[in-house]
Amino acid sequence: MSDETSVKLIKILWRLDYDLSYAVYDKRGACIRTLLDTVPDFLTKVGEARAENRVSGETEDSAPAINISIDPNSISGAIEWPFGTALVGVLQHTAFRNVNKVASELMAIAEVAKVKRFGIRFIVLIKSAKLPLRFGSVDHMFDEGASKSIRDILGDIKDAAVIVEGKAEDSVNYRVSYGPFAQKNIDMHLAKTKDDIDPEYYSDYNAVVDLDLFELDFFLLEKSLFRWSSTKVDKAEKLVQSVLGGKGR
């Protein structure tokens, strides 16, 4: 591997859970119009899942692939960049800006006040010569005895990850999974767009970071995905830069 380093954000997932909103039941038509009309020619495919009382919208035939859904208990969505985008400044990306506009309108319809859980998840691929090679790079993650026992008793180790959970002083909870990159990371996280990617495109990438940041049980004063996410993106950037420099090794 060359000395070149690279960070590619391939997916963002977000979800807002709240107390039952009867307004969503009563304003199904407004939810549909919001998905269709807030940003013209954006979410061009809108449908209903009546059994779950859910209305969903998604983009068609364009990258990034985007979806947004609302039901009486939650609003959620995802953005997939099949060829990756920069993590730094991602909140200024047109896709995220458009998602924020729609999400803010949906939050207003649902009359969200008390939040049960608000979370955003970042899937990031990393290429760095300071990190172990992509293949055969799991042994450094284990105690030597544990690694040998796993191989002897269960068989060869194909993949591995370190999972850490905790909570910061600012009440933001986290769950981070970090480990060597494998093709299955593409298959798993880019379900809608994986067929558009040449298998060799990410062949030089050697690590994946899956970071989930969330807050529990609070009042949402400003109905904005952008505002709430801004401090979380800062945390994600700092973590990835630490891993990129080999400090997460």
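For the sequence shown, my numbering gives the first residue as -14, with consecutive numbering after it.
Beta carbons: idealized from backbone N, C-alpha and C, even for Gly.
Fair warning: this is a prediction, and the values are worked out from it, not measured in the lab.
Exposed unless 16 or more other CB atoms sit within 10 angstroms - verdict on Leu236:
The question about residue 236 has no answer, for the chain in this structure spans -14 to 234.
Between the CA atoms of Lys179 and Val100 - distance to the nearest angstrom:
Approximately 33 Å between the Cα atoms of the pair.
I believe Glu222 touches Leu116 by the beta-carbon criterion, under 8 Å. Please report the beta-carbon distance rounded to the nearest angstrom.
Not a contact, Cβ separation roughly 17 Å.
Going by DSSP in three states, Thr(-10) sits in which element: helix, strand or coil?
In this structure, Thr(-10) counts as coil in the three-state DSSP scheme.
With 16 as the cutoff for other CB atoms within 10 Å, does Pro25 come out buried or exposed?
By the beta-carbon neighbour count (other beta carbons within 10 angstroms, threshold 16), Pro25 is exposed.
How about Asn170 and Val193: do their beta carbons lie closer than 7 Å?
Yes, the pair counts as a contact, with Cβ atoms nearer than the cut-off.
Whose CA, out of Arg0, Gly74, Gln168 and Phe68, lies closest to the CA of Glu200?
If we check each option's Cα against that of Glu200, Arg0 comes out closest.
Taking the alpha helix (DSSP H) that Gly151 falls in, what are its first and last residues?
It is not in any alpha helix (DSSP H) - Gly151 instead sits in the beta strand (DSSP E) that spans Val147 to Lys152.
Residue ranges of each beta strand (DSSP E) run of no fewer than 3 residues wholly in the region 2 to 84, ordered along the chain?
If we require 3 residues or more, the beta strand (DSSP E) runs fully inside the region 2 to 84 come out as 30 to 34, 39 to 43, 50 to 56 and 59 to 70.
Based on the DSSP output, what are the partners of Asp197 in its beta bridges?
Residue pairing by DSSP places Asp197 opposite Arg106 and Arg160 in a beta bridge.
In its own chain, which residues sit with a C-beta less than 6 Å from the C-beta of Arg234, not counting the 5 before and 5 after it?
Reliability of the predicted coordinates at Arg234 is poor, the pLDDT of 42 falling under 50, and the value obtained from them is presented with this limitation in mind. Cβ within range, chain order: n/a, list empty.
My understanding is that Met92 touches Ile60, with C-beta atoms under 8 Å, so please give their C-beta distance in whole angstroms.
Rounded, the Cβ-Cβ distance is 7 Å, consistent with contact.
Leaving out five residues before and five after Glu90 in sequence, what residues of the same chain have Cβ atoms less than 7 Å from its Cβ?
Correct list, in chain order: Thr19 and Thr23.
Sheet register partners of Pro208 (DSSP bridge):
Inspection of the sequence shows that residue 208 is occupied by Lys rather than by Pro. In DSSP, Lys208 forms no bridge with anything.
With 16 other Cβ atoms within 10 Å as the buried cut-off, status of Ile55:
The residue is buried, with at least 16 neighbouring Cβ atoms inside 10 Å.
Neighbour-count burial assignment, Leu206, 16 or more Cβ in a 10 Å radius
Exposed, by the Cβ-count rule.
Going by DSSP, name the residue or residues bridged to Leu(-2).
Leu(-2) pairs with Ala63 and Arg106.
Residues bridged to Phe203 (per DSSP)
The partner list for Phe203 (beta bridge, DSSP) reads Val100.
Report buried or exposed for Lys232, applying the criterion of at least 16 other Cβ atoms within 10 angstroms of its Cβ.
Confidence in Lys232 is poor, its pLDDT being 49 and thus under 50, which makes the residue's placement unreliable; the coordinate value appears in the next sentence. By the neighbour-count rule (16 or more Cβ atoms within 10 Å), Lys232 is not buried but exposed.
Looking at the unbroken alpha helix (DSSP H) that takes in Asp180, where does it start and where does it end?
It is not in any alpha helix (DSSP H) - Asp180 carries neither H nor E in the DSSP assignment.
What does Lys112 pair with, by DSSP beta-bridge criteria?
Beta-bridge pairing links Lys112 to Ser(-9).
Pair every Cβ in the region 149 to 163 with every Cβ in the region 134 to 141, then say whether three or more of these pairs are closer than 8 Å.
Look at the beta carbons and you see the region 149 to 163 not touching the region 134 to 141: under three pairs across the two are nearer than 8 Å.
To which residues of the same chain is Lys177 closer than 7 Å at the C-beta, ignoring the five residues directly before and after it?
These residues qualify, in order along the chain: Ala50 and Glu65.
In angstroms with no decimal places, state the Cα-to-Cα distance between Asp172 and Ala80.
Computed Cα separation, rounded: 22 Å.
Test item: CB-CB of Leu(-6) and Val218 under 7 Å:
The answer is no: Cβ separation not under 7 Å.
Pick helix, strand or coil for Ala88, following the three-state DSSP scheme.
DSSP places Ala88 in helix when its eight states are reduced to three.
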